[in-house]
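Here's the structure, in structure tokens; my notes come after.
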Amino acid sequence: MADVKNKVAENVEGAYYVDDQCITCQRCIDEAPNNFKMNDNGSSAFVFKQPENDTEKKNCEDAMDSCPAEAIGNDG
């Protein structure tokens, strides 16, 4: 389960975030490319844009559900 206290620094403010347990599988990017991307050094994914509509929210939820490391959280 993702821990809000361990969010990676690149996450934008908002409900969704990636924590330091990310294993860089890129599944979140596959599920929600409008919201997730890898950081510059390739060590973690992060939320670069919070969802702005129902489709993006569903995609973020799908990314969270499919994350094998449970590194995606939603504090919304």
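Numbering (the UniProt record's numbering), first residue to last: 1 to 76.
Glycine included, every Cβ here is placed at the ideal spot set by N, Cα and C.
What you are looking at is a predicted structure, and each value in this text was computed from that prediction instead of being measured.
Inter-residue spacing [alpha-carbon to alpha-carbon] between residue i and residue j
i	j	result
I23	I72	11 Å
N34	A9	19 Å
I29	C60	9 Å
Y16	Q50	7 Å
F48	K57	14 Å
F36	M64	11 Å
K7	M1	12 Å
D20	N53	27 Å
Same chain, Cβ closer than 8 Å to residue i, five either side skipped, listed in chain order
i	result
Q26	M38, A45
Inter-residue CB distance, residue i and residue j (contact presumed, cutoff 8 Å)
i	j	result
D75	A32	Not confirmed; about 17 Å, so no contact.
Cβ neighbours of residue i in the same chain (closer than 7 Å, five flanking residues each side left out)
i	result
N11	Y17, V18, F46, V47
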